[in-house]
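**Q** Okay, here's the structure, questions in a sec.
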Amino acid sequence: MNDSIEQTAELLDRLCAEAVEDRSVLSELFEKARPRLLRIVALRSPSQLQQRADPDDIVQETFIRATERFESYAREGQVPVFVWLRGLAYDMLIEFQRKHLRAAKRAVGREAAKRNWLQETSLEMTQFWDSDAKSPSQIISDRQRVEDLKRAIEQLPENYREVLVLRFFESLSVVETAAAMECTVANAKVLQFRAMKKLQAIVTSQFGWESADKR
Amino acid sequence: MTNGHKRFNDEFLDETLNHQECQQLDNCIEGLQNGRLVQQMDNSLFGLANELWQVGDLAADQASSDAGLSDRGVGKPDIEGYEIHELIGRGGMGLVYRATDTQLRRRVAIKVLPANVVGSERARKRFRVEVQAAAQLEHTGIVPVYAFGEYKDGLFYTMREIVGVDLARKLRSRSEGSSAFPGPEVDFNSAEYRRWVAGVGKQLAEALAHSHDHLIVHRDIKPANILLDSDSNVMLSDFGLARINEGSDLTGADDVMGTVLYMSPEQTEGSESVDARTDLYSLGVTLYELLTGRTAITESGVVAAIKQINEGRITKLRQLRPSVERDLETIILKSISPEPSARYQTAREMADDLDRFLSVLPIKARRATLGMRVARWARRNSQWVTTLGVVGSLLLAVIFGIAIYSANKSASDAEKIRDQSARLLDRRGAELLVKGKALQAADAFRQAAELTRDAHWAERELQRVSAIEAWSPKLVEKSVLDGRLLALLEKDQKLISREGAGGEKCILLAGSNSSSKEKVLFETSRKIEFARRNKSGTIFAIEICDRSNNDPEIKLYDLTREHLETIVVGFSKRLTNMWFSPEDRYLIMTGWDGEIVVWDLEKGERAASAEFPLAENRTSWVYSASTDRDRSVLVAATNPGRLFAYSLPDLEPIWIEPKQLGWWTVDALAVSGNGQWAAAGAVTGEIRLWHISSGIEVRLDNTIAGEPTVASFSEDGRTLVVGDDRGGVYLWEIPDSSAAPEKGMAIARKGFVMWHEYAIVSLDFGVEDQLLVGAGNSARVWRLTDFQPTTPNIPIEQTLYSARWVDDGSVRMRSRTGDANTTWIWHLPSFFDVTTADNGSVRQLLRKSNGKIEAVVALATPSANFVRRSLPQINASPAATALNLPSEVSQISFGTNASESRIAYIVSDGDEHRLHVVDRETLEYVREPVLLDIYLRDARLNAEGTKWIANNFNDTVAMGDVASGEIESTLQLPNWVVDSRFVGRGEFAAISWDYRLRIWNKQGSEVAQFEQHARPELMVAFEQFILVATSDRIYIYERAKDGTWEPRGDALPTSERLLALALSPARNRVLSCGEKGTNLLWSMEGKVVSQFNSGAPVSDCRFSPDGQWFATLTEGGSVQLRSASTGELMSPTISGRTPITKFEWIDESLFIAGEAIQNGFWISELEIPENWLK
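Which chain is which? The protein sequence lines are A and B, in order.
Quick note, the first sequence lines up with residues 46 to 260 if you use the numbering used here.
Quick note, the second sequence lines up with residues 7 to 1180 if you use the numbering used here.
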């Protein structure tokens, strides 16, 4: 990502304002938003869905719907445009999920070869921070750490978990996070601070991490 | 301010916070998001943020690459000086492409390592050093490295392009039954193959000796890194690269295992102590795998595998493959000793020993001595060793431990192998089943049953086998004809020719295979080519030519008079085809010499003839010809590709100009039975269609993938199917048009299926759109309406020549090899699918009350509508009734009343939520959709269909009246509502996460509340009973005589969390199905009547309408029927073409449904055979 998240968000909002006057700008807006949306959709898709529906398709469908609804968003939209798109993508994801997964649950679910960290419990988180000469045993201990983190996140209260997922996984800016969570920016900052504090408390008390910076 | 804002602000209002810290953390996160990573963190919260960020990033990368995004994003690398062709391989490290070096104009293989693999500067440096070193190596057993460099997205290096396969692929060739690879066929019992492996080992050891001389350790020897070229030379690739990439090679579960399996113990510890002997270890385990077909390390998890490597727990080769020579085993076991010092010390030593083995000389390696074994034992049991003290444990071991230990070990290993093989076979079987290879699947299941030690499992596998066999095509007859088949006549009658003493005999065969009568019609010194029978069955026309297919005679044999005569026609080359006209008046013949003759059989003379003009420099012959049912038109294709049409019997040209089809021969020629259409394949890979009488061509859109090999019109001439050489079958619907079609008309392809890896050789229309397709050595029936297979693959042992329907619905398949013809007759199972092909999935199967066969409603939801389908007219009227829902539906759920006369569902389109209640028969609204002012889901109806109930994510249960559309009660519960439903007498109940079941009367007043000790998960309700299941108990509540609710005894403990629960009040039975596959049938008093294990967990269960049976659906997608009184298994395991996702009892039948292989879904009716339910 060359542009900073903040710059991208500004750019998106500017494009959105232009698009109100000139619909042809929408496609540019979509192109700018696509990589981040793809990341989010890929992240949030259960792996079974990934075998059947391409995140690209989901994002494309999202844009189609966004085009249809752009007018009403432009009229009364209160959230940044990316947050709005993200919400549509979520809905779309749920629809795809319903369409593909309900009936196919047993068909593909059992042999899901690949796993998605956010959706399923799995130790197989891989490819660690620094590829410099790590022994497999060391990698296993790294994995344990990831596993710990994951379990710790699961124990957080809903809004704590959400703020961390939005910021660290979906990579939303703090402004976008605030809009997505329907709170003020200041509160989003407070929330993430508390969430991190709580996370730290869990990993040290429950998983015996000595301290998080000792690596 | 929205509610959300308010909530958060309230929460924070009264707290004092260090806002500076909050801001710092936010800055830190923002920095991470924008790639400004601070390496040294002194604040632990920032360190944690850093770690979390990396996890998030990885998860996103992983998800994107799982979803195939990263590949698309990258595309082919753009590297200056190279033209990149196709991708030929992909490993943990990078991608390998075929490429051309544009300066030297030579073909190379190019491996690219994207920046994320070799990200750090240090890694890049090491890459350079290692590749440089590898480039020094010059050995026939090492793939030469040509060049390396950096490009925009990472690093690359080029090497010689090896045309061949890697050894991993070669090994797999065994299970695929393919032998097209260099080297002997993979056969672990063949001495030749083992010697080949030893030779491979020797070559590799020599190559390693060379590289070790240059102080280069390969570090990643595994079958996938060893290439086998077309001359059977083996070569090592990827020299030294493992080191660059240590750790990051572990990119996914498969890759981790793929790499770990070949690691030496010292490699698993860390990389410092790795030397040349590591390569010998990896070579050893590679050879082990080549000799046994399985990896030396058998543990499936990474941690367990590393443990196994370090303990050296490896099954001896000869326990797996007793035929492996003892010396060869010794060499390999020596090379895979856990202690480097016990291995060969140099690659040359190992090469020499392998050479000695190959020369049948005594080898130098000795088997592990007692002392070594004790040491190894100690290594495995290091904890004991430390506790007991080394001396003590050694003594213990020497005195009695070793003997006991090794005996146990080999027994348990052998058992483990058996179990593992059984598991693999089980999986293989399931895969084969989905692919339609039912008989092979049955074999796999049968083998798994033999191997496994688990009696339940074995039983299950055998049940599968019997179910498959019950529903598979059955071979009724196989007959091998010694002689060439000339014509098939009446049932059990064949005309054949067979080599005799002085020539060939033409023989009429009658009777079945075992007791056939032969009657020699005549003998000739020439070759009998082919024969046709007239309609009345009295006369054969038989062609006889010389050995080079010249100078044909046409003989007529009159069966009634036993009379043979020769007719004079004057062809110089053999015939391409001949037909009798329907009234047996004429014999129409087309010849390779370009002549067509119509012979008048009554008059015994030529009625008409035509001859094709010779094309320049080319013999023009009738390559193929076809006529309609009435023999009124003849279409002949010549070489070069031109098409002529004639009327019969006068042979008047219908077209002024022949149709041009390209320069060569014409395959796939067909004339529709009604004589309206001619279809012909052109070598350009097109299929073309002409309206015969007008000569107008109709363009067929969406042409085909390969070259057409066979074409066929349906009986009514309205459907054209074409097969191609890539195994595809394509379908067009042709208009019924005796009048000329419009010029420029085009017909779009209606459907297609890519079925086989071989060319389609045979297409035959059967009844009800059932098309029999033959290719390779199998045939399969496809339903044309949706191109779904209706049978498994029907296999024969030889290459198929033709597959035809026989009158009784059986299938006759023929092959010919040399002068022998083999015929297989298969009886197809009566199990017949009725399927629709909408996109969407079966949501519910509903029982119909009137007892007619028209009994299933499938609700398909391609997001915006649902369609009711009724049996059995599905095919006749595909869109029986359809109801269009608003275009934007984000949530839809269904509920029905007890007699299923009404269906309720809630449609939400973003902001508005409406309740629809429709009549199940007509799909008409019972009343106008009700606009709900809150969002609700899971609508259900009461037994009469007059009231509805629903709940939502905000802990609300709402109940309302269908007729008035009013919401009558809105109840706010303290926690998440799991389920809500009517329980009879106007009462309704809900379970929620506050550990409670609540029951309300029709006014919405609470009449009962019961607490459970844990979260309720499932609820089943009948008039008299409510069952609530938590993760480990079932609570039963009963309605007392005075109408109040009471718990019925104590909660029943369950050993597993329940996935499904069913109640049959009539039979006093409860069925509970646990997540680990343990299922219990209880009486309501809590007495266990029967316990059975279903292998896979049961996800749905249902008692039959009469309460006598129940059916269970396992997560694997199969159904079983059992007796409700005893729990005894009453049926084989019922499988669908794909895993079953829904089932429903309807009268006597069980309907099953699942998702179709391509699109849509299938539904099948299963009439339960009486012998199942004894």
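Every residue gets a Cβ at the ideal spot worked out from N, C-alpha and C, and that includes glycine.
Since we're looking at a predicted model, the values are computed, not measured.
1) My understanding is that Leu977 of chain B touches Trp954 of chain B, with C-beta atoms under 8 Å, so please give their C-beta distance in whole angstroms.
2) What is the rounded straight-line gap between the Cα of Lys756 of chain B and the Cα of Thr53 of chain A?
3) Determine the direct distance from the alpha carbon of Phe214 of chain A to that of Asn799 of chain B, and round the result to whole angstroms.
4) Within 8 Å of any Cβ in chain B, is that where the Cβ of Leu194 of chain A sits?
5) If you draw a straight line from the alpha carbon of Leu921 of chain B to that of Trp982 of chain B, how long is it in whole angstroms?
6) Secondary structure at Ala417 of chain B, three-state DSSP: helix, strand or coil?
7) Verify whether the separation of the beta carbon atoms of Pro1103 of chain B and Gly1080 of chain B is less than 8 Å.
8) Can you find the residues in the same chain that come closer than 8 Å, C-beta to C-beta, to Ile103 of chain A, ignoring five residues on each side of it along the sequence?
9) Name the chain E residues that come within less than 7 Å of Lys234 of chain A, Cβ to Cβ?
10) Suppose you measure from the CA of Val248 of chain A to the CA of Ala111 of chain A; what does that come to, to the nearest Å?
11) Just the C-alpha distance for Ser630 of chain B and Val603 of chain B, rounded to the nearest angstrom, thanks.
12) Give the residues from the stretch 1108-1126 of chain B that approach chain A closer than 9 Å (Cβ to any Cβ), ordered along the chain.
13) Count the other CB atoms within 10 Å of the CB of Ala240 of chain A; is the residue buried (16 or more) or exposed (fewer)?
14) Can you name the start and end residues of the alpha helix (DSSP H) that Ile103 of chain A belongs to?
15) Does the stretch 1026-1042 of chain B come close enough to the stretch 989-996 of chain B to have 3 or more Cβ pairs within less than 8 Å?
16) So what does DSSP say about His145 of chain B, is it helix, strand or coil?
17) Specify the secondary structure class of Asp260 of chain B as computed by DSSP and reduced to three states.
18) For chain B, is any of its Cβ atoms less than 8 Å away from the one on Gln251 of chain A?
19) Which residues in chain B sit within 8 Å of Val219 of chain A, going by Cβ to Cβ distance?
20) Would you say Ser1100 of chain B and Gly1083 of chain B are within 8 Å of each other, going by their C-beta atoms?
21) Excluding the five sequence neighbours on either side, which residues of its own chain have a C-beta within less than 7 Å of the C-beta of Ile35 of chain B, listed in chain order?
22) So, does the CB of Val639 of chain B fall closer than 8 Å to a CB anywhere in chain A?
23) Can you check DSSP and say which residues form a bridge with Lys579 of chain B?
24) Could you spell out the range, first to last residue, of the beta strand (DSSP E) harbouring Ala686 of chain B?
25) Which whole runs of the alpha helix (DSSP H) in the stretch 188-225 of chain B are 4 residues long or more, in chain order?
26) Got a sec: does the ligand NAD put a non-hydrogen atom nearer than 7 Å to the Cβ of Leu56 of chain A?
27) Excluding the five sequence neighbours on either side, which residues of its own chain have a C-beta within less than 6 Å of the C-beta of Pro1111 of chain B, listed in chain order?
28) According to DSSP, is Leu527 of chain B helix, strand or coil?
29) Just grab the DSSP bridge partners of Thr725 of chain B for me.
30) Measuring straight from C-alpha to C-alpha, what distance separates Arg113 of chain B and Gln209 of chain B?
31) State the start and end residues of the unbroken beta strand (DSSP E) segment that holds His762 of chain B.
32) Sorted by chain position, which residues of the same chain lie with C-beta nearer than 6 Å to Val1076 of chain B's C-beta, five sequence neighbours on each side aside?
33) Is the separation between the beta-carbon of Ile315 of chain B and that of Thr274 of chain B shorter than 8 Å?
34) For Arg212 of chain A, which residues in chain B fall below 8 Å Cβ to Cβ?
35) Leaving aside the five residues before and after Val203 of chain B along the sequence, list all residues of the same chain whose C-beta is less than 7 Å from its C-beta, in chain order.
36) Can you tell me whether Ala818 of chain B is buried or exposed, with buried defined as 16 or more other CB within 10 angstroms of its CB?
**A** Result, derived from the coordinates:
1) Numbered from 1 along the second sequence, position 971 holds the residue referred to as residue 977 of chain B. Numbered from 1 along the second sequence, position 948 holds the residue referred to as residue 954 of chain B. Leu977 of chain B to Trp954 of chain B, Cβ: 14 Å. No contact.
2) Reading the second sequence from its first residue, position 750 is the one you call residue 756 of chain B. Reading the first sequence from its first residue, position 8 is the one you call residue 53 of chain A. About 46 Å.
3) Start at 1 with the first residue of the second sequence, and residue 799 of chain B comes out as number 793. Start at 1 with the first residue of the first sequence, and residue 214 of chain A comes out as number 169. Take the alpha-carbon of Asn799 of chain B and the one of Phe214 of chain A: they are about 47 Å apart.
4) The residue labelled residue 194 of chain A in the question sits at position 149 within the first sequence. Yes, contact with chain B.
5) Counting from 1 along the second sequence, the entry for residue 921 of chain B is found at position 915. Counting from 1 along the second sequence, the entry for residue 982 of chain B is found at position 976. For Leu921 of chain B and Trp982 of chain B, the distance between alpha carbons rounds to 21 Å.
6) Here residue 417 of chain B refers to the residue found at position 411 when the second sequence is read from its first residue. Caution is warranted here: a pLDDT of 46 is assigned to Ala417 of chain B, below 50, making its placement in the model unreliable, and the coordinate value is therefore given only provisionally. Ala417 of chain B: helix per DSSP, three-state reduction.
7) Position 1097 of the second sequence, counted from the start, is the residue given in the question as residue 1103 of chain B. Position 1074 of the second sequence, counted from the start, is the residue given in the question as residue 1080 of chain B. Cβ atoms of Pro1103 of chain B and Gly1080 of chain B: closer than 8 Å.
8) Looking up residue 103 of chain A in the first sequence gives position 58. These residues qualify, in order along the chain: Val86, Ser90, Ala134, Met137, Leu138, Phe141.
9) Note that chain E does not occur in the displayed structure, where the protein chains are A and B.
10) Locating residue 248 of chain A in the first sequence gives position 203, counting from the first residue. Locating residue 111 of chain A in the first sequence gives position 66, counting from the first residue. Rounded to the nearest angstrom, the two C-alpha atoms are 41 Å apart.
11) Here residue 630 of chain B is taken as the residue at index 624 of the second sequence, counted from 1. Here residue 603 of chain B is taken as the residue at index 597 of the second sequence, counted from 1. Straight-line Cα distance between these residues: approximately 14 Å.
12) The stretch 1108-1126 of chain B vs chain A, Cβ under 9 Å: Leu1119, Thr1120, Glu1121, Gly1122, Gly1123.
13) Within the first sequence, numbered from 1, the residue matching residue 240 of chain A stands at position 195. Classification for Ala240 of chain A: buried.
14) For this step, residue 103 of chain A is matched to residue 58 along the first sequence. Annotation for Ile103 of chain A: the continuous alpha helix (DSSP H) segment containing it runs 100-121.
15) Judged by Cβ distances under 8 Å, the stretch 1026-1042 of chain B makes contact with the stretch 989-996 of chain B, as three or more pairs qualify.
16) Residue mapping note: residue 145 of chain B aligns to position 139 of the second sequence, counting from 1. Look at His145 of chain B here: in three-state DSSP terms it is coil, with no helix or strand label.
17) Taking the first residue of the second sequence as position 1, residue 260 of chain B is located at position 254. The predicted model places Asp260 of chain B with a pLDDT of 33, which falls under 50 and marks its position as unreliable; any figure quoted below should be read in that light. Note: Asp260 of chain B maps to helix in three-state DSSP.
18) For the purposes of this step, residue 251 of chain A is taken as the residue at position 206 of the first sequence. The beta carbon of Gln251 of chain A does not come within 8 Å of any beta carbon belonging to chain B, so the residue lies off that interface.
19) Counting from one through the first sequence, the residue named residue 219 of chain A turns up at place 174. Within 8 Å Cβ-Cβ: Asp32, Ile35, Glu36.
20) Position 1094 of the second sequence, counted from the first residue, corresponds to residue 1100 of chain B. Position 1077 of the second sequence, counted from the first residue, corresponds to residue 1083 of chain B. The Cβ atoms of Ser1100 of chain B and Gly1083 of chain B lie closer than 8 Å to each other.
21) Counting from 1 along the second sequence, the entry for residue 35 of chain B is found at position 29. Correct list, in chain order: Ala55.
22) Along the second sequence, one-based indexing puts residue 639 of chain B at 633. For Val639 of chain B, no Cβ of chain A is located within less than 8 Å of the residue's own Cβ.
23) Working through the second sequence from its first residue, we reach residue 579 of chain B at position 573. Partner residues in the beta bridge of Lys579 of chain B, as assigned by DSSP, are B:Asn556.
24) Position 680 of the second sequence, counted from the first residue, corresponds to residue 686 of chain B. For Ala686 of chain B, the uninterrupted beta strand (DSSP E) segment begins and ends at 683-688.
25) Here the runs fully enclosed are 197-219.
26) No copy of the ligand NAD appears in this structure; indeed no ligand is present at all.
27) One-based indexing of the second sequence puts residue 1111 of chain B at position 1105. Cβ within range, chain order: Trp1151.
28) Counted from its first residue, the second sequence places residue 527 of chain B at position 521. In the structure shown, Leu527 of chain B sits in a strand (DSSP, three-state: E or B).
29) Taking the second sequence and counting its residues from 1, the one referred to as residue 725 of chain B is at position 719. According to DSSP, residue pairing for Thr725 of chain B in a beta bridge involves B:Glu739.
30) Taking the first residue of the second sequence as 1, we reach residue 113 of chain B at position 107. Taking the first residue of the second sequence as 1, we reach residue 209 of chain B at position 203. If you take the alpha carbons of Arg113 of chain B and Gln209 of chain B, they lie about 25 Å apart.
31) Taking the first residue of the second sequence as 1, we reach residue 762 of chain B at position 756. Segment: none, His762 of chain B is in no beta strand (DSSP E) and carries neither H nor E.
32) In the second sequence, the residue the question calls residue 1076 of chain B occupies position 1070. Leu1069, Trp1088.
33) Counting from 1 along the second sequence, the entry for residue 315 of chain B is found at position 309. Counting from 1 along the second sequence, the entry for residue 274 of chain B is found at position 268. Yes, the pair counts as a contact, with Cβ atoms nearer than the cut-off.
34) Indexing the first sequence from 1 puts residue 212 of chain A at position 167. By Cβ distance, chain B contributes Ile35, Gln39.
35) To locate residue 203 of chain B, count along the second sequence from 1; it is residue 197. Excluding sequence neighbours, Val203 of chain B sits near Leu293, Leu296, Leu297.
36) Here residue 818 of chain B is taken as the residue at index 812 of the second sequence, counted from 1. For the record, residue 818 of chain B in the displayed sequence is Arg; it is not Ala. By the 10 Å Cβ count, Arg818 of chain B comes out buried.
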